[in-house]
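Let me begin by presenting the structure, written as structure tokens, before commenting on it.
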Amino acid sequence: MRKEAQTGVLLVNLGTPDSTAVPDVRKYLREFLMDKRVIDIPFLSRWLLVNGIIAPFRAPKSAAEYRKLWTDRGSPLLFHTEDLKEKLIQRLDTEKYHVEIAMRYQSPSIQRGLRALQKARVKKIIVLPLFPQYASATNGSVIDKVMEIVKEWQVIPAISYVPRFVDHPLYLQAWEDISAAYIEKQEYDAYLFSYHGIPERQIHKASCEGYCQLSDKCCARQTPSNQYCYRAQCFYNTRLLVDKLGLPAEKVHTAFQSRLGKDPWIQPYTEDTIRQLARKGAKKVLAFSPAFVADCLETTVEVGEEYKEVFEEEGGQQWDLVPCLNSHDTWVDCVKALVLEQE
Numbered sequence: 012m013r014k015e016a017q018t019g020v021l022l023v024n025l026g027t028p029d030s031t032a033v034p035d036v037r038k039y040l041r042e043f044l045m046d047k048r049v050i051d052i053p054f055l056s057r058w059l060l061v062n063g064i065i066a067p068f069r070a071p072k073s074a075a076e077y078r079k080l081w082t083d084r085g086s087p088l089l090f091h092t093e094d095l096k097e098k099l100i101q102r103l104d105t106e107k108y109h110v111e112i113a114m115r116y117q118s119p120s121i122q123r124g125l126r127a128l129q130k131a132r133v134k135k136i137i138v139l140p141l142f143p144q145y146a147s148a149t150n151g152s153v154i155d156k157v158m159e160i161v162k163e164w165q166v167i168p169a170i171s172y173v174p175r176f177v178d179h180p181l182y183l184q185a186w187e188d189i190s191a192a193y194i195e196k197q198e199y200d201a202y203l204f205s206y207h208g209i210p211e212r213q214i215h216k217a218s219c220e221g222y223c224q225l226s227d228k229c230c231a232r233q234t235p236s237n238q239y240c241y242r243a244q245c246f247y248n249t250r251l252l253v254d255k256l257g258l259p260a261e262k263v264h265t266a267f268q269s270r271l272g273k274d275p276w277i278q279p280y281t282e283d284t285i286r287q288l289a290r291k292g293a294k295k296v297l298a299f300s301p302a303f304v305a306d307c308l309e310t311t312v313e314v315g316e317e318y319k320e321v322f323e324e325e326g327g328q329q330w331d332l333v334p335c336l337n338s339h340d341t342w343v344d345c346v347k348a349l350v351l352e353q354e
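If you read the sequence shown in our numbering, its first letter stands for residue 12, the second for the next number, and so on.
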């Protein structure tokens, strides 16, 4: 008779529409953007913005973009997370660990994943948001949702969270392993690290007693006061990878993509940076997306296709994108280590 697992593991990624149909994309956008940690404005203003403007008008365009990356297995973000789960199960003691995956938005839901762990009668739950850098809109939202669900349980097991893993040695090693084929093959004129952006106001809200200055000087080193500042973590991530990969620092650039709306977001913006690089004579660029562990719309389409077009419009000749970690063996080892370190 199989023993009951003692520890449950919940791997949580952002989410994806159930299909590329416009109604499914609209449903996804509504759930995603109505999260108060994503669009952090008063409820009524957020509701009018999302339901009156963004979801109705953006859904058809987003649906067309999702069709570009959809495969016979469906959404890459979902099936890469499923593959990660299966490989992780093979590396863990299945008599001790029960692994589930969830998406913060849409399916499979966090509610479903937690319910499966509850049914398995685990004594402890480890929640691992699959976002290397902490941000209220990602890791914070996952933790918030888990607490909202679990607080209704009669029996609440011990729960631990992995708030970030931007500097975990195996996370950095996984990026080195994946990018080696590009870096060893040739030299590039520039190396661009593009992270998902967030509004500047969210940086200030997360600041430790007004510490944040939103400046390159402030983000130039990691300190106890800015260790959870998203912008500072991204620059820290770049510095760690530059050292790990042995890249020439003078050719490295950090920028932020996916701006939504007219409010100021953290800068520099990726598109502006690309145009500047091309205008200064860069012909070959290698791009990285370290804020994402699984390839998705923001990596495959936005960075891989749309930004390539921008670069070529400005005279660039070669635009290469390093794939995300997906279910690479070193990345699986990293996730295993993150789990074991919570015990």
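Even glycine gets a Cβ: it sits at the ideal position worked out from N, Cα and C. This structure is a prediction, so every number in the text was calculated from the model and none was measured.
Backbone CA spacing between residue i and residue j [nearest angstrom]
{"i": "residue 142", "j": "residue 150", "result": "7 angstroms"}
{"i": "residue 214", "j": "residue 245", "result": "12 angstroms"}
{"i": "residue 80", "j": "residue 71", "result": "15 angstroms"}
{"i": "residue 42", "j": "residue 117", "result": "8 angstroms"}
{"i": "residue 308", "j": "residue 66", "result": "17 angstroms"}
{"i": "residue 338", "j": "residue 305", "result": "8 angstroms"}
{"i": "residue 129", "j": "residue 123", "result": "10 angstroms"}
{"i": "residue 2", "j": "residue 354", "result": "Lying outside 12 to 354, the shown extent of the chain, residue 2 is not represented and no answer is given."}
{"i": "residue 115", "j": "residue 93", "result": "15 angstroms"}
{"i": "residue 44", "j": "residue 211", "result": "17 angstroms"}
{"i": "residue 318", "j": "residue 285", "result": "8 angstroms"}
{"i": "residue 242", "j": "residue 226", "result": "9 angstroms"}
{"i": "residue 133", "j": "residue 90", "result": "25 angstroms"}
{"i": "residue 148", "j": "residue 97", "result": "27 angstroms"}
{"i": "residue 40", "j": "residue 239", "result": "26 angstroms"}
{"i": "residue 325", "j": "residue 288", "result": "9 angstroms"}
{"i": "residue 194", "j": "residue 171", "result": "37 angstroms"}
{"i": "residue 77", "j": "residue 177", "result": "28 angstroms"}
{"i": "residue 127", "j": "residue 279", "result": "42 angstroms"}
{"i": "residue 29", "j": "residue 119", "result": "10 angstroms"}
{"i": "residue 327", "j": "residue 291", "result": "10 angstroms"}
{"i": "residue 185", "j": "residue 55", "result": "43 angstroms"}
{"i": "residue 24", "j": "residue 323", "result": "32 angstroms"}
{"i": "residue 331", "j": "residue 191", "result": "13 angstroms"}
{"i": "residue 414", "j": "residue 228", "result": "Lying before the first or after the last residue shown, residue 414 is absent from the chain, which here runs from 12 to 354."}
{"i": "residue 52", "j": "residue 61", "result": "11 angstroms"}
Reduced DSSP secondary structure (H/G/I, E/B, other) of residue i
{"i": "residue 284", "result": "helix"}
{"i": "residue 175", "result": "coil"}
{"i": "residue 113", "result": "strand"}
{"i": "residue 326", "result": "coil"}
{"i": "residue 147", "result": "helix"}
{"i": "residue 314", "result": "helix"}
{"i": "residue 260", "result": "helix"}
{"i": "residue 24", "result": "strand"}
{"i": "residue 108", "result": "strand"}
{"i": "residue 82", "result": "strand"}
{"i": "residue 338", "result": "coil"}
{"i": "residue 236", "result": "coil"}
{"i": "residue 129", "result": "helix"}
{"i": "residue 350", "result": "helix"}
{"i": "residue 49", "result": "coil"}
{"i": "residue 59", "result": "helix"}
{"i": "residue 227", "result": "coil"}
{"i": "residue 103", "result": "coil"}
{"i": "residue 200", "result": "coil"}
{"i": "residue 186", "result": "helix"}
{"i": "residue 304", "result": "coil"}
Anticipated Cβ contact below 8 angstroms, residue i with residue j, distance rounded
{"i": "residue 282", "j": "residue 321", "result": "6 angstroms"}
{"i": "residue 276", "j": "residue 209", "result": "6 angstroms"}
{"i": "residue 125", "j": "residue 20", "result": "That belief does not hold up - the Cβ atoms of residue 125 and residue 20 are roughly 12 angstroms apart, past 8 angstroms."}
{"i": "residue 157", "j": "residue 112", "result": "At roughly 14 angstroms, the Cβ-Cβ gap does not stay under 8 angstroms, so residue 157 and residue 112 are not in contact."}
{"i": "residue 36", "j": "residue 73", "result": "5 angstroms"}
{"i": "residue 196", "j": "residue 168", "result": "Going by Cβ atoms, the distance from residue 196 to residue 168 rounds to 48 angstroms, so no, they are not a contact pair."}
{"i": "residue 262", "j": "residue 187", "result": "About 17 angstroms; that fails the 8 angstroms criterion."}
{"i": "residue 48", "j": "residue 205", "result": "Actually they do not touch by this definition, with Cβ atoms about 22 angstroms apart."}
Own chain residues within Cβ distance below 8 angstroms of residue i, not counting five before or after
{"i": "residue 181", "result": "341, 342, 344, 345, 348"}
{"i": "residue 303", "result": "207, 309, 310, 335"}
Identity of the residues DSSP links to residue i by a beta bridge
{"i": "residue 331", "result": "297"}
{"i": "residue 276", "result": "210"}
{"i": "residue 266", "result": "205"}
{"i": "residue 137", "result": "20, 171"}
{"i": "residue 120", "result": "114"}
Residues near residue i by beta carbon distance below 6 angstroms, same chain, minus five either side
{"i": "residue 250", "result": "none"}
{"i": "residue 351", "result": "none"}
{"i": "residue 200", "result": "293, 294, 295"}
{"i": "residue 233", "result": "247"}
Contact test: residue i Cβ vs the ligand NAP heavy atom, cutoff 6 angstroms
{"i": "residue 217", "result": "You won't find the ligand NAP in this model; it holds no ligand whatsoever."}
Minimum Cβ-Cβ distance from residue i to chain D less than 7 angstroms
{"i": "residue 312", "result": "Of the protein chains in this structure there is only one, and it is not chain D."}
Cut-off 7 angstroms between Cβ atoms - residues of its own chain near residue i, not counting five sequence neighbours on either side
{"i": "residue 260", "result": "253"}
{"i": "residue 313", "result": "268, 269"}
{"i": "residue 258", "result": "202"}
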